[in-house]
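Q:
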Amino acid sequence: MNIYRYDAVIVGAGLAGLSAAIEIKKAGLKTCVISKLHPLRSHSGAAQGGINAALNEADASLHEFDTIKGGDYLGDQDAIKTLCQKAPETIRRLEKMGAVFSRAKNGSIAQRAFGGQSKPRACYAKDRTGLTCLQTIYEQADRLGVEFVNEWFVGDLLYDSFDRSAYGVAAMKLRTGEIAAFNAKATLFATGGYARCYAVNSNARANTGDGLSLFLRKGLPLEDMEFVQFHPTGLAGSGILISEAARGEGGRLYNALDERFMERYAPQKLELAPRDVVSRAIEREIIEGRGVGEHKDAIWLDLTHIGREMIASKLPELSDLAKTFLGLDMACDRIPIRATAHYSMGGVPTDNDCRVKASPTLTTSGLYAAGECACVSVHGANRLGANSLLEAAVFGKIAGETIVADMPDLSPIGAGDHDANIFFEETRRLLRSSGAENAANLLATLQNSMTQNAGVFRNRGSLEKQVEIIGDLRDRFSRIRLSDKSSVFNVELQEALELGHMLDYSALIVSGALAREESRGAHYREDFAIRDDEKFLRHAFGYLDGGKTRLEYAPVAIGDYKPEPRRY
Ligand SMILES: Cc1cc2nc3c(=O)[nH]c(=O)nc-3n(C[C@H](O)[C@H](O)[C@H](O)COP(=O)(O)OP(=O)(O)OC[C@H]3O[C@@H](n4cnc5c(N)ncnc54)[C@H](O)[C@@H]3O)c2cc1C
294 MNIYRYDAVI VGAGLAGLSA AIEIKKAGLK TCVISKLHPL RSHSGAAQGG INAALNEADA
354 SLHEFDTIKG GDYLGDQDAI KTLCQKAPET IRRLEKMGAV FSRAKNGSIA QRAFGGQSKP
414 RACYAKDRTG LTCLQTIYEQ ADRLGVEFVN EWFVGDLLYD SFDRSAYGVA AMKLRTGEIA
474 AFNAKATLFA TGGYARCYAV NSNARANTGD GLSLFLRKGL PLEDMEFVQF HPTGLAGSGI
534 LISEAARGEG GRLYNALDER FMERYAPQKL ELAPRDVVSR AIEREIIEGR GVGEHKDAIW
594 LDLTHIGREM IASKLPELSD LAKTFLGLDM ACDRIPIRAT AHYSMGGVPT DNDCRVKASP
654 TLTTSGLYAA GECACVSVHG ANRLGANSLL EAAVFGKIAG ETIVADMPDL SPIGAGDHDA
714 NIFFEETRRL LRSSGAENAA NLLATLQNSM TQNAGVFRNR GSLEKQVEII GDLRDRFSRI
774 RLSDKSSVFN VELQEALELG HMLDYSALIV SGALAREESR GAHYREDFAI RDDEKFLRHA
834 FGYLDGGKTR LEYAPVAIGD YKPEPRRY
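As numbered in the working numbering, residues 294 to 861 make up the sequence shown, in order.
1) Between T744 and F394, what straight-line distance do the alpha-carbon atoms span, to the nearest angstrom?
2) Regarding K329 and ligand 1, is the C-beta to nearest heavy atom distance less than 8 Å?
3) Helix, strand or coil for A713 per DSSP?
4) Give me the Cβ distance between N476 and Y297, rounded to the nearest whole Å; I'm assuming they're in contact under 8 Å.
5) Rounding to the nearest angstrom, what Cα-Cα distance links F358 and Y854 in this structure?
6) Express the C-alpha separation of I773 and A686 in angstroms, rounding to a whole number.
7) Using a threshold of 8 Å, is the CB atom of I696 nearer than that to any non-hydrogen atom of ligand 3?
8) Would you give the residue range spanned by the alpha helix (DSSP H) that R652 belongs to?
9) Taking Cβ to Cβ, would you say G527 is nearer than 9 Å to I630?
10) Three-state secondary structure (DSSP) at D453?
11) Out of curiosity, what's the CA-to-CA distance linking A692 and A806?
12) With distances taken Cα to Cα, identify the nearest neighbour of R860 among M638, R385, G409, E694.
13) Provide the residue span of the alpha helix (DSSP H) that contains S878, from first to last.
14) Just verifying my parser: in three-state terms, what is the DSSP assignment at V803?
15) The alpha helix (DSSP H) with E845 in it runs from where to where?
16) Under 9 Å between the Cβ atoms of R824 and D365?
17) Around the Cβ of D777, are there at least 16 other Cβ atoms within 10 angstroms (buried) or fewer (exposed)?
18) Between which two residues does the alpha helix (DSSP H) harbouring C377 extend?
19) Should V304 be counted as a contact of ligand 1 given a C-beta to heavy atom distance under 8 Å?
20) So is A729 buried or exposed if we call it buried at 16+ other beta carbons inside 10 Å?
21) Any heavy atom of ligand 1 closer than 8 Å to the CB of F446?
22) Which residue comes first and which comes last in the beta strand (DSSP E) that contains K478?
23) For N783, collect the residues of the same chain with a Cβ closer than 7 Å to its Cβ; drop the 5 residues on either side in sequence, then sort them by chain order.
24) Would E719 and G448 qualify as a contact pair, given that the criterion is a beta-carbon distance under 9 Å?
25) Just curious, the alpha helix (DSSP H) that A397 is in, first and last residue?
26) Between which residues of its own chain and L367 is the CB-CB distance below 8 Å, once the five residues before and five after are set aside?
27) Which two residues bound the contiguous beta strand (DSSP E) that contains S458?
28) Pull up the CB-CB distance for L308 and G541, whole angstroms please, since I reckon it's below 8 Å.
29) Note down, one range per segment and in chain order, each beta strand (DSSP E) of at least 3 residues found wholly within the segment 517-576.
30) Check whether the Cβ of G512 sits closer than 8 Å to any heavy atom of ligand 1, and report yes or no.
31) Should S401 and L348 be called a contact, given that it needs their Cβ atoms to be closer than 9 Å?
32) In the DSSP assignment, what residue or residues form a beta bridge with Q404?
33) Candidates F446, A351, I373: which alpha carbon is nearest I361's?
34) Would T657 be called buried (16 or more neighbouring beta carbons within 10 Å of its own) or exposed?
35) Tell me the rounded alpha-carbon separation between I534 and A488.
36) Between the C-alpha atoms of S337 and A415, what's the straight-line distance to the nearest angstrom?
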């Protein structure tokens, strides 16, 4: 088995991974970025609407407040301060690297309104903001000579649990099936989001949360997993995203009675209330029989009043999506939409410098996480739109800087031949398995049941049922059979590995949701509809011990802003 040696290994080539890679490479360290996809196919490239910064405000304090309130006071206020204060310099850095942001009439960077924001703050490149940022930063990383290890699937974290030290990863080359160890003093996970465990979702196929489950399997915790964001406007049927930019540019929502129903749910902010509020309103309208479409299971998004020219200049991608997937013309047709699983507030717990925590009080050595897979907790219980590209760019860079600063103190642990064995055996077991179960069926059952039982609305009964379903699926997973036994681009094997990861972290989403007997941000319990600060103004750390979930709690970092009722 080959062992490749580096100072730093980065898993994930989205905005977070690449932002870190640039800092590490600039410091002259030997680093590589491993990705199961070509970097430009990372989900960062799918982001449409924008990236926030308080560019034309005296300071970032209002952006901070909007983010804290948007997250229903569960976000850590010191981390949020860093996020918002570094936002303007992050936009300028991206622009200097070559990102072409759309301009206002006076030539300055244009900013559009987004949900839950007191001011228009989302900088954008038409509705292809993520692609513009990702392409730019990829070009810069490539120019600096960052080494890319593309189409390798990372399947194990090399971790000494006694010393709580990481020393790289084990990965499989998808083209040949080769399994190798990537040995490093510093290991950064930037593996993105994981909403693919829901049937209706906006995420790329690759967003299967592999990174998270690898942590769970080493006895490490995940934080606040019950907080999954449902974006209000997925295309009906597919869940493909129609960005919040559509509402930012004036889009309105109507029910079957032609009521602009947001007037009832958020009289001031209307369609530009935060995503959790709008998603619940949409689902409530549907449940109460005011849905539209053949099955009355959608709501109208109306952009017909904003004009063809505006749609063409500011929302061309969205207009293409509506035409391609529904055959509708946004300039004259209303578009049927429904809430879609979109973003994951929870993830790998880190301190504000992106070092991974082994528990609420214990740290690790040589192990880092940034971007959507991490939970530094800037989004709390609900992320505001256009704050996530920002998080990936800001904390990706911080992760790189921390790794450079920590490097002299990291003691190298050499990897041996046996280190890739756990992953090697996992793939052999799947290839040899002669059971009767089919991975695609198990995945469909997981996704449908997660949408049904742990979706926009949850209650004790639905969540207890989901615990059982996941237990049963895990049992059946041990008996799946693959029909493709080859080692060359074995997609069936890759999907089976991903399904294993999805089952692991989904168990944490459900157990966290069951234990949190309150409603906060994106987590809405029908049986506990009120936010309960006394009992639950705290972070949940979830572990998977021998297949069983266990929770611990940690305090929230409150700063200048004390929790208040959240009204829009
Ligand atoms: C449709 C859509 C629109 C969005 N629009 C916006 C927006 O307008 N504004 C905003 O702020 N946010 C938006 N978001 C959210 C935002 O895009 C993401 O949160 C952010 O880009 C995540 O960046 P990342 O670097 O953490 O991960 P990603 O860009 O998802 O990259 C993850 C990387 O990890 C790699 N990886 C994963 N698992 C493995 C493995 N096992 N082995 C090897 N490699 C692996 C992948 O190959 C990939 O390179 C949107 C999200 C979606 C889905």
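Glycine residues also receive a C-beta, built at the ideal position from the N, C-alpha and C atoms.
A: The answer reads as follows:
1) In a straight line, the C-alpha of T744 is about 36 Å away from that of F394.
2) K329 has its Cβ nearer than 8 Å to a heavy atom of ligand 1.
3) Three-state result, A713: helix.
4) Contact check for N476 and Y297: beta-carbon distance about 7 Å, within the 8 Å limit, so the pair qualifies.
5) The alpha-carbon atoms of F358 and Y854 are separated by roughly 7 Å.
6) Rounded to whole angstroms, the gap between the alpha carbons of A686 and I773 is 39 Å.
7) Inclusion of ligand 3 in the displayed structure is not the case, the ligand content consisting of ligand 1 alone.
8) A small correction: the amino acid at residue 652 is Ser; Arg does not occupy that position in the sequence shown. In the DSSP assignment, S652 falls outside any alpha helix (DSSP H), carrying neither H nor E.
9) It is a contact, given that the beta carbons lie within the stated cut-off.
10) Of the three classes helix, strand and coil, the one that applies to D453 here is strand, per DSSP.
11) About 29 Å.
12) Put simply, of M638, R385, G409, E694 the residue whose alpha carbon is nearest the alpha carbon of R860 is G409.
13) Since the first and last residues shown for the chain are 294 and 861, residue 878 lies out of range.
14) DSSP places V803 in helix when its eight states are reduced to three.
15) From DSSP, E845 is part of no alpha helix (DSSP H) but of the beta strand (DSSP E) over 841-848.
16) Yes, the pair counts as a contact, with Cβ atoms nearer than the cut-off.
17) With fewer than 16 other Cβ atoms within 10 Å, it is exposed.
18) In the DSSP assignment, C377 falls within the alpha helix (DSSP H) that extends over 370-378.
19) Yes, the Cβ of V304 comes within 8 Å of a heavy atom of ligand 1.
20) So A729 counts as exposed.
21) Relative to ligand 1, F446 has its C-beta within less than 8 Å of a heavy atom.
22) DSSP places K478 in the uninterrupted beta strand (DSSP E) bounded by 472-482.
23) Once the five neighbours on either side are set aside, the close Cβ partners of N783 are G470, D777.
24) Going by beta carbons, E719 and G448 fall inside the 9 Å limit.
25) A397: not part of any alpha helix (DSSP H); DSSP gives it neither H nor E.
26) D517, F520, S670, G673, A674, R813, G814, L830, H832, V849.
27) Note, S458: beta strand (DSSP E), 458-466.
28) Not a contact, Cβ separation roughly 21 Å.
29) Counting only unbroken stretches of 3 or more residues, the beta strand (DSSP E) elements lying wholly within the segment 517-576 are 521-528, 545-547, in sequence order.
30) For G512, the shortest separation between its Cβ and any heavy atom of ligand 1 does not lie below 8 Å.
31) Their beta carbons are under 9 Å apart, which means S401 touches L348 by this criterion.
32) The partner list for Q404 (beta bridge, DSSP) reads C416.
33) Considering only F446, A351, I373, the residue with the shortest C-alpha distance to I361 is I373.
34) By the 10 Å Cβ count, T657 comes out buried.
35) With the sequence shown as reference, residue 534 is identified as Leu, and Ile is not the correct amino acid for it. Approximately 13 Å between the Cα atoms of the pair.
36) S337 and A415 have their C-alpha atoms roughly 16 Å apart.
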